[in-house]
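Chains as they are written, first to last, in full-length UniProt numbering: chain B, 1 to 345; chain H, 1 to 345. Don't be surprised by glycine CBs; every beta carbon is placed ideally from N, CA and C. Since the model is a prediction, treat every value here as computed from it, not as a measurement. Accompanying notes for the structure given below.
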């Protein structure tokens with residue numbers, strides 16, 4: 001399900017490695033009965049050509065592991081600190097368990113470890129991969145493509161290469177952001193600021209685009225970069241108050257950074273929503289209900305996104321096995337968002 | 001490193017399967033070049049006899065995956081809700097990454113999924129396993145033993161079978177509990193209650209034993225079973241106040257349940273520590289610092305426990321590979337605890 005065309009053939013690999021087609025096939029399908037030096041030559045040719053084996057043929061020959069890797073492209077400390085990931089994993093876990101597939105979570109300390117994750121994925125230990133929180137310039141998509149592992153992404157990947165066959169599940173980040181800013185404008189606010197997410201992620205870029213769709217002539221000083229964390233929200237809010245003391249509304253790219261912004265506004269003696277109205281994004285519970293005041297936000301169903309990712313991947317694997325890849329390939333899904341009105345705007 | 005004696009031999013497996021010794025060896029070491037029906041017969045014999053291959057010989061023949069499985073014997077929702085697991089995983093992740101080993105976290109929805117975890121471990125996808133939060137009657141230790149995967153346990157497992165070769169990292173739960181209760185007694189308290197942990201875990205049983213070591217003639221009504229969660233601490237505290245309104249101290253089996261107990265004491269109008277002194281266990285931050293009042297507790301270094309588990313496992317794998325299993329096997333480690341005094345006692 002990763003990008004597959006135009007792709008090198010089995011014959012090209014055989015020619016490069018100087019072995020028969022059958023030998024390449026055996027190596028690609030697990031290496032049974034092939035001497036180690038030949039295995040190495042084939043592997044080298046596969047890597048050099050970026051050969052991706054035909055998943056359909058492969059899954060007919062090899063045993064399934066009934067195991068799906070999940071890769072969160074964040075350090076493990078973030079995975080456990082941000083409830084977003086726990087929610088997405090919950091949806092994934094429920095769906096995989098319902099189909100008796102093992103959830104194999106590959107944790108890392110950071111981007112330097114992604115090459116190792118790629119090796120594990122290429123090692124034939126899982127049937128597919130679910131990958132989320134990708135950042136621009138992350139080598140993971142390319143490593144996954146080379147590993148030849150069917151993959152569904154959480155959030156639209158910024159894939160500089162061939163996008164055909166890339167399957168992802170995302171929320172309507174741009175549309176949701178437009179709704180947030182339109183809601184603030186509908187309250188009569190005119191100096192609407194935006195605390196962005198980490199702009200090396202497509203979700204943050206899309207939300208910024210949505211903000212700009214409505215605030216066509218926005219004062220550029222009203223936009224400050226955050227990073228989806230409470231601390232980033234605090235930093236950005238301080239900078240906004242210093243730059244534009246006359247601001248009367250803030251759209252924060254997620255609820256965690258909105259919570260940070262609310263703390264800074266309170267410290268600064270600004271009443272919310274009277275002086276400054278605030279809207280977040282996610283409807284992350286209990287965060288959005290426990291802020292002071294409670295947070296008006298754009299709801300996305302994070303657990304459902306995880307469930308859908310798993311469902312699309314499993315469906316794709318079944319199709320590959322049953323129909324030799326002829327059926328309709330799973331396509332990407334973009335889920336709608338809704339405004340949830342609480343006290344902050 | 002799991003229990004290995006008295007164990008069936010390779011010859012016994014060969015005889016049972018009706019194949020040669022060499023065939024058994026090939027199957028056990030990855031199945032290369034053996035026809036599927038024979039592979040199945042050997043696998044069946046291995047399972048029926050509970051044969052555990054010699055890890056030393058095996059790791060010389062097969063390639064290492066440079067991947068270590070981590071199994072937390074709790075539903076994934078608990079793994080993400082209780083900061084204990086995040087801390088232990090942090091220690092494990094740092095140590096594995098320092099040795100370029102991939103952390104493979106196997107998540108489940110509950111105990112019904114442990115057979116599937118056992119299959120994954122037996123499938124040759126990892127070099128070893130770190131297993132924690134075991135409960136009594138959990139089939140995991142037996143499944144792991146059958147899988148023949150070198151394992152280090154977090155917390156002493158309640159292993160009803162042969163314990164030789166079982167390696168674990170634990171805290172001195174019993175000694176720490178004694179320190180907690182002696183501290184309360186030293187404050188002049190005489191009606192010291194205990195909220196236990198989940199008593200199907202050895203850590204909870206050991207802490208209860210430590211309580212009893214000091215409170216030799218304790219009123220049995222002063223002991224109420226909790227489950228290591230804040231909600232369990234609240235329930236237990238309510239029951240204690242109903243049963244023994246004259247209690248003047250509480251030792252809770254962990255900080256999360258102590259936090260729950262503190263909430264109930266406040267609701268009931270009992271001043272802490274004046275009316276009721278409270279001691280927890282873990283020194284889980286920020287929980288222990290943020291309770292009202294801040295929590296006196298028994299500190300165990302949870303992150304260090306995780307690091308040590310990983311270190312012992314990796315050292316064992318190296319030893320197996322380098323010295324054919326002749327060197328000193330890693331032995332279990334029990335870490336000391338210390339009393340951390342804050343405001344609650």
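Relative to the alpha-carbon of residue i, which residue among the options has its alpha-carbon at the smallest distance?
i: residue 300(B); options: 275(B), 338(B), 332(B); result: 338(B)
i: residue 178(H); options: 204(H), 46(H), 157(H), 209(H); result: 209(H)
i: residue 185(B); options: 214(B), 92(B), 274(B); result: 214(B)
i: residue 44(H); options: 68(H), 13(H), 22(H), 35(H); result: 13(H)
i: residue 77(H); options: 226(B), 157(B), 88(B), 68(B); result: 88(B)
i: residue 104(B); options: 125(B), 84(B), 118(B); result: 125(B)
i: residue 273(H); options: 165(H), 204(H), 189(H), 170(H); result: 189(H)
i: residue 132(B); options: 99(B), 171(B), 97(B); result: 171(B)
i: residue 340(B); options: 298(B), 260(B), 142(B); result: 298(B)
i: residue 255(B); options: 245(B), 291(B), 37(B); result: 291(B)
i: residue 253(H); options: 246(H), 269(H), 278(H); result: 278(H)
i: residue 201(H); options: 158(H), 116(H), 21(H); result: 158(H)
i: residue 203(B); options: 183(B), 38(B), 49(B), 169(B); result: 169(B)
i: residue 17(H); options: 219(H), 42(H), 34(H), 37(H); result: 42(H)
i: residue 66(B); options: 118(H), 27(H), 251(H); result: 118(H)
i: residue 423(H); options: 98(H), 73(H), 82(H); result: Summary: the structure shown does not reach residue 423(H), with chain H confined to residues 1 through 345, and so no result is reported for it.
CA-CA distance, residue i and residue j?
i: residue 303(B); j: residue 167(B); result: 18 Å
i: residue 198(H); j: residue 181(B); result: 49 Å
i: residue 134(B); j: residue 140(B); result: 8 Å
i: residue 263(B); j: residue 70(B); result: 34 Å
i: residue 227(B); j: residue 282(B); result: 14 Å
i: residue 95(H); j: residue 336(H); result: 21 Å
i: residue 64(H); j: residue 294(B); result: 52 Å
i: residue 84(H); j: residue 130(H); result: 15 Å
i: residue 404(B); j: residue 106(B); result: Within the shown structure, residues of chain B are numbered from 1 to 345, placing residue 404(B) beyond reach of any answer.
i: residue 176(B); j: residue 343(H); result: 47 Å
i: residue 9(H); j: residue 311(H); result: 30 Å
i: residue 137(H); j: residue 146(B); result: 43 Å
i: residue 108(H); j: residue 276(B); result: 44 Å
i: residue 153(H); j: residue 123(B); result: 26 Å
i: residue 345(H); j: residue 313(H); result: 39 Å
i: residue 261(B); j: residue 155(H); result: 42 Å
i: residue 330(H); j: residue 315(H); result: 8 Å
i: residue 46(H); j: residue 75(H); result: 30 Å
i: residue 174(H); j: residue 216(H); result: 14 Å
i: residue 194(B); j: residue 150(B); result: 37 Å
i: residue 196(H); j: residue 224(H); result: 6 Å
i: residue 246(B); j: residue 221(B); result: 12 Å
i: residue 306(B); j: residue 333(B); result: 12 Å
i: residue 128(H); j: residue 92(H); result: 13 Å
i: residue 234(B); j: residue 258(B); result: 8 Å
i: residue 249(B); j: residue 285(B); result: 22 Å
i: residue 148(H); j: residue 238(B); result: 57 Å
In terms of DSSP beta bridges, what is residue i paired with?
i: residue 15(H); result: In the DSSP output, where bridge partners are listed per residue, residue 15(H) has none listed.
i: residue 194(H); result: 223(H), 251(H)
i: residue 299(H); result: 282(H), 338(H)
i: residue 102(B); result: 67(B)
i: residue 131(H); result: 71(H), 153(H)
i: residue 107(B); result: 103(H)
Tell me where the alpha helix (DSSP H) around residue i begins and ends.
i: residue 256(H); result: 255-267
i: residue 121(H); result: 114-122
i: residue 240(B); result: 230-243
i: residue 287(B); result: 287-290
Ends of the beta strand (DSSP E) at residue i?
i: residue 22(B); result: Here residue 22(B) belongs to no beta strand (DSSP E); instead the alpha helix (DSSP H) covers 21-28.
i: residue 334(H); result: 333-335
i: residue 280(H); result: 277-282
i: residue 90(H); result: Run containing residue 90(H): none in the beta strand (DSSP E); it sits in the alpha helix (DSSP H), 83-98.
i: residue 69(B); result: 67-72
i: residue 38(B); result: That residue, residue 38(B), is in no beta strand (DSSP E); its alpha helix (DSSP H) goes 36-49.
State yes or no: is the beta carbon of residue i nearer than 8 Å to at least one beta carbon in chain D?
i: residue 114(B); result: Within the model displayed, chain D is absent; protein chains B and H are what it includes.
* Length at least 3, wholly inside the region 138-175 of chain H: the beta strand (DSSP E) runs in chain order -> Whole beta strand (DSSP E) segments, 3+ residues: 151-154, 167-171.
* Within the region 197-227 of chain B, note down every full beta strand (DSSP E) run reaching 3 residues or more, in order along the chain. => Uninterrupted beta strand (DSSP E) stretches at least 3 residues long and entirely within the region 197-227 of chain B occur at 223-225, given in chain order.
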